[in-house]
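Engineer:
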Amino acid sequence: MALGKKDKEVERYEKLSPAIVAIYIILILFCIVIMAPLVIVLSSSLREASNMKSPLILFSQFTLSSYITAFRKMNYPMQFLNSFMTTGGSVFAIVCIATMAAYPITRIKRPLSKGLYYFFIAGLVIPAQMVIVPVAQMFGRLHIPNTRFTPMIMFITCSLPFATFLYAGFMKSVPVEIEESAYLDGASLFTRFVKIVFPLLKPATVSTIITQGLWIWNDYFFPMVFVSKSSQYSLPVGMIQFLGDRENPAQWNVLFAACILCALPLIIIFAILQKQFINGIAAGAVKG
């Protein structure tokens, strides 16, 4: 006789061992540790500056004045546009270049291909901060202007090793026979790559967009070094004005509001596309 829905739930809970219960407790505590700073930031951003003495008393006040101040002082629409263009342009270039680099590495069986693969892998162990001084000097000698697009050069360069490594590993799972059948039908190399191979790389593309897009959007270092005009700052750089100095104290409620405004576009994008993101990562994990 089939068990009812309630009987199945009771049976499932009875099978919970102490080890599983302990794991659940650890996961709950882990989530609390992660979420607690976010809740404090959100609560503090909804307060007046005079009510910031007790940040652990959550949501004791509700006002949007700090958001209005941050929106105006940051020139949020302009800095959002700068961040969007930098992130979108960099991610697009990373995906295009990394896929075109990984394709010959995995399809051409020659020593040069393996050497090129290890060359990209070596880039994973070199921190960008280590080469920032000679790169800045080189940009100066080449008379490359410090604009909103200059950090894109560094973003693309620093992301290519990881993206190429990811695409090369995933591309090895794509059967060569699929391309051979298209070759017999008269498809060119470019056609085979664009119409056959690249659509099969969707999980790797989603993973690249998530990891590199988040890093580029939140990066403070490169825009601060290579962008000289405040009108071309990205959102993370624009928040620095709220940290204060010796003469002007930090505006913590406005700074927290600016943090929320900076993260809000990413939260909205993930909320809309979370199904595609999760499916892409899951498919990549299964094929990997």
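The sequence shown begins at 487 in the working numbering and counts up one residue at a time. Here a beta-carbon is modelled for each residue, glycine too, at the ideal position from N, C-alpha and C.
(1) Would you mind working out which of L646, I583, F712, T633 sits nearest Q698, comparing C-alpha positions?
(2) Return the chain-ordered ranges of every alpha helix (DSSP H) run that is complete within the region 601-682 and spans a minimum of 4 residues.
(3) Suppose you measure from the CA of L741 to the CA of N704; what does that come to, to the nearest Å?
(4) In chain order, which alpha helix (DSSP H) runs of at least 4 residues are fully inside the region 690-746?
(5) In the DSSP assignment, find the alpha helix (DSSP H) that holds F557 and state where it starts and stops.
(6) Nearest to S714 by alpha carbon, out of Y604, F656, T636?
(7) S717: which of L515, P661, N537, M564 sits nearest, CA to CA?
(8) Is the distance from the Cβ of S576 to the Cβ of M638 below 7 Å?
(9) Spatial neighbours of C745 within its chain, please: CB distance less than 8 Å, with the 5 preceding and 5 following residues excluded, ordered by chain position.
(10) Locate the alpha helix (DSSP H) running through N568, then write down its first and last residues.
(11) Within its chain, find whatever has a CB closer than 6 Å to the CB of M640; leave out the 5 residues flanking it on each side and keep chain order.
(12) For a test of the three-state rule: what should DSSP assign to S536, helix, strand or coil?
(13) For chain C, is any of its Cβ atoms less than 7 Å away from the one on F605?
(14) Beta-carbon within less than 7 Å of I664's beta-carbon, same chain only, minus the 5 sequence neighbours each way: which residues are those?
(15) Consult DSSP for Q760 and reduce its assignment to one of helix, strand or coil.
(16) Could you spell out the range, first to last residue, of the alpha helix (DSSP H) harbouring F516?
(17) Measuring straight from C-alpha to C-alpha, what distance separates I543 and V525?
Structural biologist: Result, derived from the coordinates:
(1) L646
(2) 618-627, 636-657, 662-670, 675-678
(3) 15 Å
(4) 707-712, 721-724
(5) 551-559
(6) T636
(7) M564
(8) yes
(9) V527, S531, M725
(10) 562-593
(11) F708
(12) helix
(13) Protein chains in the displayed structure number just one, and chain C is not present.
(14) I682
(15) helix
(16) 504-531
(17) 11 Å
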